[in-house]
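Numbering (the numbering used here), first residue to last: 16 to 553. Here a beta-carbon is modelled for each residue, glycine too, at the ideal position from N, C-alpha and C. None of these values were measured; they are calculated from a predicted model. This report concerns only the one structure given below.
Encoded structure:
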């Protein structure tokens, strides 16, 4: 600055005549040159403050929500003079967010930055060279010449790009410059641990939104309901969601319902109303599927018992909303050597994790019943009325129950739906979407009328994940609906059949009249007949 003022002083002293109009020759007819001179007479004495951080506390932090070329890198503006000629000067140099953030941090949204013409390549070049060249948009994007070319500005700025993981991986693999320039990656959790500190933070967030957006205050029940919804979104009782945009939307809508009711504060009923209305607007597909089940178009039994048939549970995700739906799984068994046939796989409708689940249950069958004889069995498994593909291993325990039922010729209860994956030792493993799955079967039972015996079987590890709707909780408390948590296949088959699973005796056989005993007898019969067929050469 001292050098600038020294040079400015010298320039003024050497041009004092320009500050005395009486000494300037007057012309009766001003020409083009004199007109421009009048406009720009003292231009060189002006100062263009491109960046002013005088009121900024600490380092500048700039969030660029509209990363167009000129917004990020700045520009040199132009104007048309009285003669219709484009003109520009140093006072028209405008800073962009990069220069405004110099010495601090610039936050950009990755996808927005990538789709803007010229921004990504120029950003990499600027950060690599640590110098910013301010130029007109035309020069920056199309290589047009500019009458002004300011000196490059030294940059010391940290650029933070926010985006989805898939964008990061694409850039990391496809753009060599990306991994050299952006060397630090931080993953943001969509959930956080539920403890006293995080709950206090949630309460502070609720208070902040109310103050900033002039919402009605939330009473204790309203705050508790918001926190409970945050836990439900996380999908686990020990976690809270960090998707605060959804939480804020629920709060705004709850405030609307409180205002409509004429209440002075937002309570739990307003939060529940907000959540219900949000779901109501996006659950058309769920309603259509439920309607088809009730009408009998989609075949689902919720009473009685049938051999080789069981109700599995699946989750449909529409993006904004996910819901559960029961699915009929059927099994037929016969003597043979094909093993377990996955019909979905044969029809190319099965995903890799579902295929793995079927292979695991094959391992379970060999471990349980093929230690003293070959497994001369063919079993075909099908998800009935499934035409869009099946994936996931959460139905592997369900499929085992259907196979055991078919082999033992013992019917399975149709008023109970089942979910849970299984390992080769018959241990039940946890699955995802437990709340949606339970509520999906609950809706079918509710629509048809409760019998008092209906319910679901879930892995015991998922008990800590239960955050069910209030109507489901009330139905369970009233004994209208039941939730069974199990650790092993044996526990599940006993609930579904009413028969003991059975234990292996020292003789190698199973307890008499148990499920395993009946299955083993059938497999012994299959093996014996298969051996006879092979011996006869048929």
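- Judged by pairs of C-beta atoms under 8 Å, the stretch 280-288 does not touch the stretch 301-320, as fewer than three such pairs exist.
- The bridge partners DSSP lists for residue 341 are 328.
- Shortest Cα-Cα distance from residue 106 to any of 64, 119 and 82 involves 64.
- In this structure, the beta-carbon distance from residue 114 to residue 168 falls below 8 Å.
- Every alpha helix (DSSP H) stretch that sits fully inside the stretch 158-244 and reaches 4 residues is listed by chain position as 180-189, 191-196 and 211-227.
- Secondary structure of residue 72 (DSSP, three-state): coil.
- For residue 86, the secondary structure class from DSSP, reduced to helix, strand or coil, is helix.
- Taken atom to atom, the span from the alpha-carbon of residue 518 to that of residue 237 is near 52 Å.
- Going by C-alpha positions, residue 453 is about 20 Å away from residue 400.
- For residue 512, the enclosing alpha helix (DSSP H) begins and ends at 504-512.
- If the five residues before and after residue 272 are omitted, its C-beta is found closer than 7 Å to the C-beta atoms of 285, 288 and 289, all from its own chain and listed in chain order.
- According to the DSSP assignment, residue 497 belongs to the beta strand (DSSP E) that extends over 497-501.
- Per the coordinates, the alpha-carbon of residue 230 lies some 13 Å from the alpha-carbon of residue 277.
- Taking a 10 Å sphere around the C-beta of residue 430, we find 16 or more other C-beta atoms and assign the residue as buried.
- Boundaries of the beta strand (DSSP E) harbouring residue 398: 392-398, taken from the DSSP string.
- Going by beta carbons, residue 149 and residue 108 fall inside the 8 Å limit.
- The residue from 387, 378 and 449 with its alpha-carbon nearest to that of residue 415 is 378.
- Within the same chain, and ignoring the five residues on either side of residue 476 in sequence, the residues whose Cβ sits closer than 6 Å to its Cβ are 445.
- The criterion of a C-beta distance shorter than 8 Å is not satisfied by residue 458 and residue 502.
- In this structure, the alpha-carbon of residue 70 lies about 59 Å from that of residue 435.
- Close CB contacts of residue 315 within its chain, under the 7 Å cut and outside five residues either way in sequence, are with 308, 326, 341, 343 and 459 (chain order).
- Residue 494 and residue 220 have their C-alpha atoms roughly 38 Å apart.
- In this structure, the straight-line span from the alpha carbon of residue 82 to that of residue 480 is close to 41 Å.
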